Amino acid sequence: MHRMSFQITEAFVQQYGDNFRHLAQQMTSRLETHVTIEPNIVGMSKSINRLGQRTAKRRTTRHGDTPINDQPHSTRFVDLFDWEDGDMIDDQDKIRMLVDPTSDYVKAMVSSLNRAKDDVIISSFGGFSRSTTGNIILPTKQKIAVGGTGLTKAKIIQARKLFRQNEADSHNGEELCITYSAQAAADILADPTLTSADYMAGKFLESGDVEGKWMGFTWIPSERTPLSGGVRLLYAWAKSGVTLGKGADITTEVGKDPGKGFNVRIYAKMSIGSVRVEEEKVVEIAAAEAA
Numbered sequence: 004m005h006r007m008s009f010q011i012t013e014a015f016v017q018q019y020g021d022n023f024r025h026l027a028q029q030m031t032s033r034l035e036t037h038v039t040i041e042p043n044i045v046g047m048s049k050s051i052n053r054l055g056q057r058t059a060k061r062r063t064t065r066h067g068d069t070p071i072n073d074q075p076h077s078t079r080f081v082d083l084f085d086w087e088d089g090d091m092i093d094d095q096d097k098i099r100m101l102v103d104p105t106s107d108y109v110k111a112m113v114s115s116l117n118r119a120k121d122d123v124i125i126s127s128f129g130g131f132s133r134s135t136t137g138n139i140i141l142p143t144k145q146k147i148a149v150g151g152t153g154l155t156k157a158k159i160i161q162a163r164k165l166f167r168q169n170e171a172d173s174h175n176g177e178e179l180c181i182t183y184s185a186q187a188a189a190d191i192l193a194d195p196t197l198t199s200a201d202y203m204a205g206k207f208l209e210s211g212d213v214e215g216k217w218m219g220f221t222w223i224p225s226e227r228t229p230l231s232g233g234v235r236l237l238y239a240w241a242k243s244g245v246t247l248g249k250g251a252d253i254t255t256e257v258g259k260d261p262g263k264g265f266n267v268r269i270y271a272k273m274s275i276g277s278v279r280v281e282e283e284k285v286v287e288i289a290a291a292e293a294a
């Protein structure tokens, strides 16, 4: 027998109360707009076709043959997985609470799926990338070691250097982004190597946060990147280097269930996946951080 969420009893009205307050939580996907979207995927996966770099050769023979040089091709796959959330609202509970919580439940479910989007994208930053030849890992040369320190200006400069060496920065029209945790923000704000120009460019003094664009990166707050053994993994990437595939974006259903006393069921789902398309466009930065 289905039982309604036990948490509903905490919302029963005692004397007054006409709305719900959502507890502190991330409610939107912060990373979705900063990766490449592959919409309307049919099936459980889709190939992302990659064209490699060509090399022009000097013509040395008069009236020579027209060259036929093979174009380097490779493929990555974005695999879709289904995500869902659901609950039931008892009509009698709505009477006791004096308010219909349906829309707030829907909002909470959409928020949970938005956080799942970020988790899926984050997993693709440093995880395996499936190709026709097997699973590809993020190479060591794309990783910046912890070095016993948190996030520092030196690590950010090193990340910028890697993107420049890989021709994967703004000179090639790329949008660079970087995640940061609350501790990483505190570390960089306290970095003694920062100059007054840094503080002005990053608006550190105005907001007390690392926000907007600084050092060539769009800074995105996230507490969802991996944290283990006192080391936080932060990620910097070019927008074109990571793809979020969508079979179906977030959809919600609200309806009465005749098999459950015509109580209202609420359901939300999506079908998504993410893949790192180019290793050269992702950098992993390890930063010391207490759990």
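Residues in the sequence shown are numbered from 4 upward in steps of one, following the working numbering. By construction, the Cβ of each residue, glycine as well, lies at the ideal position given by its N, Cα and C atoms. Given the structure is predicted, the values throughout are model-derived calculations rather than measurements.
Task: DSSP-derived helix/strand/coil call for Asn-175 - done: helix
- [ ] Kindly indicate which three-state DSSP category Leu-101 falls into: helix, strand or coil?
- [x] Its pLDDT being 48, under 50, Leu-101 is placed unreliably in this model, and the value from its coordinates should be taken loosely. Coil, per DSSP.
Open item on the list: Looking at the strands, I want to know which residues DSSP matches up with Glu-287.
Closed with: Lys-146 and Tyr-238
- [ ] Using only the heavy atoms of the ligand COA, determine whether one of them is closer than 7 Å to the beta carbon of Lys-284.
- [x] Among the components modelled here there is no ligand, and therefore nothing to report on the ligand COA.
TODO: Under 6 Å Cβ to Cβ from Arg-79, same chain only, skipping five residues before and after it: list those, please.
DONE: Ile-51, Ser-132, Ser-134, Val-278 and Val-280
Task: Integer Cβ distance of Gly-248 from Glu-87, believed to fall under 8 Å - done: Wrong, their Cβ atoms sit about 17 Å apart, outside the cutoff.
Open item on the list: Just to confirm the assignment, what range does the alpha helix (DSSP H) spanning Lys-156 have?
Closed with: 156 to 168
- [ ] With DSSP as the reference, label Ala-193 as helix, strand or coil.
- [x] coil
TODO: Inspect the beta-carbon positions of Gly-244 and Val-81 and report whether they are closer than 8 Å.
DONE: no
- [ ] Reducing DSSP to helix, strand and coil, say where Glu-281 ends up.
- [x] coil
Task: Residue nearest to Lys-242 in terms of C-alpha spacing, selected from Ile-181, Ala-271 and Val-234 - done: Ile-181
Task: Distance between Gln-74 and Asp-121 (C-alpha atoms, nearest Å) - done: 35 Å
Task: Helix, strand or coil at His-76 [DSSP, three-state] - done: strand
- [ ] Could you check what DSSP says for Gly-258 in three-state terms: helix, strand or coil?
- [x] strand
Open item on the list: DSSP three-state label for Thr-36, please.
Closed with: helix
Task: For Gly-264 and Lys-284, the rounded distance between their alpha carbons - done: 54 Å
Open item on the list: Quick check on the DSSP output: the beta strand (DSSP E) that includes Thr-63 runs from which residue to which?
Closed with: Per DSSP, Thr-63 belongs to no beta strand (DSSP E) and is neither H nor E.
Open item on the list: Taking DSSP's pairing of strands, which residues face Arg-133 in a bridge?
Closed with: Asn-138
Task: Inter-residue spacing [alpha-carbon to alpha-carbon] between Asp-252 and Gln-95 - done: 33 Å
Task: Alpha-carbon to alpha-carbon, Ser-274 and Gly-46 - done: 10 Å
- [ ] Note down, in chain order, each residue of its chain lying with its Cβ closer than 6 Å to the Cβ of Glu-292, except the 5 sequence neighbours on either side.
- [x] Gln-186 and Arg-235
- [ ] Below 6 Å CB to CB, which residues in the same chain sit around Tyr-270 once its five sequence neighbours on both sides are set aside?
- [x] Gly-89 and Glu-256
Open item on the list: I need the DSSP call for Gly-244, collapsed to helix, strand or coil.
Closed with: helix
Task: Lys-156 versus Ala-290: straight-line alpha-carbon distance, rounded - done: 12 Å
- [ ] Taking the CB atoms as reference points, tell me whether Leu-179 and Gly-219 lie closer together than 8 Å.
- [x] yes
Task: Residues of its chain near Pro-229, where Cβ-Cβ distance is below 7 Å and the 5 sequence neighbours each way are ignored - done: Leu-236
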